[in-house]
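Residue numbers (my numbering), protein chains in the order written: chain A, 56 to 480; chain B, 60 to 344. Following: one structure in structure tokens, then a few remarks.
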Amino acid sequence: MRRVSRGARALCLACGAALVAACGAGGPAPGQTVVVFKHGKLFGDPAPLRALLDEFERQHPGVVVRDETLPAGSDEQHQFYAINLQARSAAFDVLAVDVIWVAEFAHAGWLQELTRLLPPAERAAFFPGPIEAVTHQGRVYAVPWFVDAGLLYYRKDLLEKHAFPVPRTWEELVRTARAVMAREPRIAGFVWQGKQYEGLVCNALEYLWSNGGGVLSGGRIVLDTPRNRQALAFMSDLVHRFGVTPGSVTTATEEPSRHVFGQGRALFMRNWPYAWRLFQDPGSRVHGKVGVTTLPHFEGGIPAATLGGWQLAVNRHSRQAAAASELVRHLTSVQAQKRLALAYGFQPARTALYRDPELLAAQPLLQVLERVFATARPRPVTPYYVRVSQVLQSELSAIISGRKSPEAALAAAERKLRKILADEA
Amino acid sequence: MKLERELDRPLWYLLPGGLLLVVVTLFPLGHVLWLSLQRHSLLHGPPRFVGLDNYLRLAGDERFWNALANTAYFAAVSVALELALGLAIALMIARVRRGRRLLYGVILLPWAVPTAVSARMWEWMYDAEIGVLNYLAGTHVNWLGSPAWALNAAIAMDVWKSTPFVVLLLLAGLQGIPRDVYRAAAVDGASGWSVLVRITLPLLAPVMLVALVFRTIDAFRVFDAIYVLTGGGPADSTETLSIYAYKVLFQGLEFGYGSALAVSVFVCVGLAALFYARLMREALR
């Protein structure tokens, strides 16, 4: 990639010069500082975000903030950032990063350290999961912006009709689902995401963690353990032994499972918070019949949801580092997170907002979500997460599609992960 | 002296075309080959020359062998079916006298739909819960979700999509067979079967080979159709070489190893092309 011929370089320069000349007319006035904020496409009116950026410009005379959106696809964003940051591009200053990228980008030396913005005292204002995700070797490289985590959706009406409480443990969930399925012939017990993709890893981690297991511990691989085997055997049993999850789970991503549940064809569902808003639509078939709670856990374990969400970071090669980190501070402030939460329905990363009367009135679900986010955990925080996830996706899919036993799959996954870490060390 | 200059000239005429070929084909190819000899991951700073390390890793990578087997199976089965079906349909259409244009249009339709769109369409049809396929057949097969079915389901979609291309090529070939040969056969009282086996098929062979070359190369590189349909799952059962290369290159950002994977696709396709080229030479002889 680096060895570009001189001719090609000259061509690029010429094109670049032409572009600069073309854009020159709309460029910044002399003495102005331009901060470019790169983020994924927002679903909704861009005005509320722009208003926040305008406010920042008013507070910082001479600074102009340009926001530029990337495609909504996570892979595309990851690629864009990696290629540009690797090439030391200074074309953007502040970037929105997925929770699984921070360690990777920080390790590669692409992000500025932001420990200054988040001294230990300030960290307590955020949920612990996102703080863990933005910390790499004791230093902070991004500030949590919005959080997301797995939830258990249930049919209030059906549980009431058959006099069952909301399940607290996985075992209870299976018993309840089987009992209700016996009396409601057209209802699936429990739907979740089992296609071979990132979402499968998110789902599976929740079983591992809620049984006291996991993937990494202090940088060591702890995958092939009795607790993990037990947890994944349970996940597979949901389909193959208990029959509470339909076999089609091996093709299910978020939306198909949301459709099944939304059409009233499932008792329980694991999904992210976004589905809640869609069920509140009066036209929804399950309107008023849905409840939400923390995911169940195994006997003796604690509930643990997989964390998702977005953080703001500063490009290491930014020429406006000071203004950029000020912008991060501004956008992750209590006020900004509140306004964006009201405008876009995102869940703020700051715990204080979950007791804000105005926000709670607009989004009563936040009361439940606070409990979920408090124990939500980031996926293995490692610079090699993408490769780790690719191995897990393939082995986990082999378990639920019945190709491998949990024992065989975990042993294979452990062997492959060891190889990756040894290879990278 | 004069003769030599005359011979020199065509080279100059070839230069612009040759240069274009070098820039758009040979340079990228050489670059990928060069990358495949390096340890070059975006996460690792400067790339490092490692010789054949990536290829050694390839040899020991079960996921690569699995992808190669999937790709070979997909290519062999889908191309065989497309050729057989394409031939049957082309022979039938060749006999139709009226409404041929309409038939062309209808048959070409699947070929004209963008792959990603038709893959989405098939994803819905294959859906185990609400798919029209299970509804019509009265079955409960998890087409895309069981390792035994998924790759075959992808093959069915590819056959639906690509058979029209084969039909079109073979129809053109059929029209190129001189009528006189058939008339002579009729005079000699040849049966329909011997006309097909002794006249039509041998004279159609070169065109069939062209169709084979195109379809095999396409099938070996298959990416979008399967990626949209299954993403390579379940349990890697539909992961082809191109899908694996995409995951390594564009998700894992391992340019060195990903390039080695890409080179392996190139080598497979190249071998298939050489094999066909040889067949073609013999057929033309």
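Ideal Cβ placement from N, Cα and C applies to all residues, glycine included.
When Cβ-Cβ separations below 7 Å define contact, Asn201(B) makes contact with chain A. Judged by DSSP in its simplified three-state form, Ser272(A) adopts strand. Assigned with DSSP and collapsed to three states, Leu278(A) falls in coil, not helix or strand. DSSP places Lys93(A) within a strand segment (E or B) once states are collapsed to three. Following the DSSP letters along the chain, one finds Tyr194(B) inside the alpha helix (DSSP H) bounded by residues Val191 to Ala196. What Gly77(B) touches in chain A, judged by beta-carbon distance under 8 Å, is nothing: the nearest beta carbon there is about 17 Å away.
Rounded to the nearest whole angstrom, the CA to CA distance from Asp277(B) to Cys327(B) is 12 Å. Following the DSSP letters along the chain, one finds Asp203(A) inside the beta strand (DSSP E) bounded by residues Val198 to Ala204.
In this structure, the CA atom of Ala207(B) is about 10 Å from the CA atom of Asn201(B). Taking 4 residues as the minimum length, the alpha helix (DSSP H) runs contained wholly in the stretch 255-329 of chain A are 281-295 and 309-317, in order along the chain. Runs of the alpha helix (DSSP H) lying entirely within the stretch 114-160 of chain A and spanning at least 4 residues, in chain order: 129-141. For Ile357(A), the closest alpha carbon among the candidates Gly457(A), Trp225(A) and Val347(A) is that of Trp225(A). Taking 7 Å as the threshold, the shortest C-beta distance from Gln335(A) to chain B does not fall below it.
In this structure, Ser452(A) keeps its C-beta atom at 7 Å or more from the C-beta atom of Gln134(A). When DSSP reads this structure, Pro403(A) sits in a beta bridge with Phe201(A).
Assignment of Asn201(B) by DSSP, reduced to helix, strand and coil, places it in the coil class. Chain-order list of chain A residues neighbouring Gln234(B): empty, with the shortest C-beta distance near 44 Å, by a criterion of under 9 Å. Spatial neighbours of Ile454(A) in its own chain (CB-CB distance under 8 Å, excluding positions within 5 residues in sequence) are listed in chain order as Leu287, Met290, Ser291, Ser460, Pro461 and Ala464. Leu101(B) belongs to the set of residues whose beta carbon lies under 7 Å from a beta carbon in chain A.
In chain order, Pro222, Phe245, Phe323 and Pro351 place their CB closer than 7 Å to the CB of Leu228(A), counting only its own chain and leaving out the 5 sequence neighbours on each side. Proximity to Ile214(B) across Val269(B), Tyr163(B) and Phe279(B) peaks at Phe279(B), based on C-alpha coordinates.
Residues of the same chain with a CB within less than 6 Å of the CB of His372(A), apart from the 5 flanking positions on each side, are Arg143 and Ala145 in chain order. The beta-carbon of Gln97(B) is placed no less than 7 Å from the nearest beta-carbon of chain A.
Rounded to whole angstroms, the gap between the alpha carbons of Ala237(A) and Arg210(A) is 16 Å. Checking the DSSP bridge columns, you'll see Tyr241(B) has no partner listed. Its chain contains Leu414 and Ala417 as the residues whose beta carbon lies nearer than 7 Å to that of Leu397(A), once the 5 sequence neighbours on both sides are disregarded; these appear in chain order. Against chain B, a Cβ distance below 7 Å from Arg473(A) picks out nothing, because the smallest value is about 14 Å.
The straight-line gap separating the alpha-carbon atoms of Val347(A) and Leu362(A) is approximately 17 Å. Contact with chain A is absent for Pro173(B), since none of that chain's Cβ atoms lies less than 7 Å from the residue's Cβ. For the 7 Å CB-CB criterion, Thr280(A) and Ala359(A) do not form a contact. For Lys93(A), the CB contacts under 6 Å within the same chain, skipping 5 residues up- and downstream, are Glu123, Phe147 and Leu150 in chain order.
Within the same chain, Gly95 and Lys96 come within 7 Å of Ala127(A) by CB-CB distance, once the 5 residues on both sides are set aside. Counting C-beta pairs closer than 8 Å gives fewer than three between the stretch 237-245 of chain B and the stretch 153-167 of chain B, which falls short of the contact rule. Residue-level contact by beta carbon fails for Ala128(B) and chain A, as no gap is shorter than 7 Å. Taken atom to atom, the span from the alpha-carbon of Ala321(A) to that of Pro438(A) is near 38 Å.
Taking all protein chains shown into account, Tyr262(A) has 16 or more neighbouring C-beta atoms within 10 Å of its C-beta and is therefore buried.
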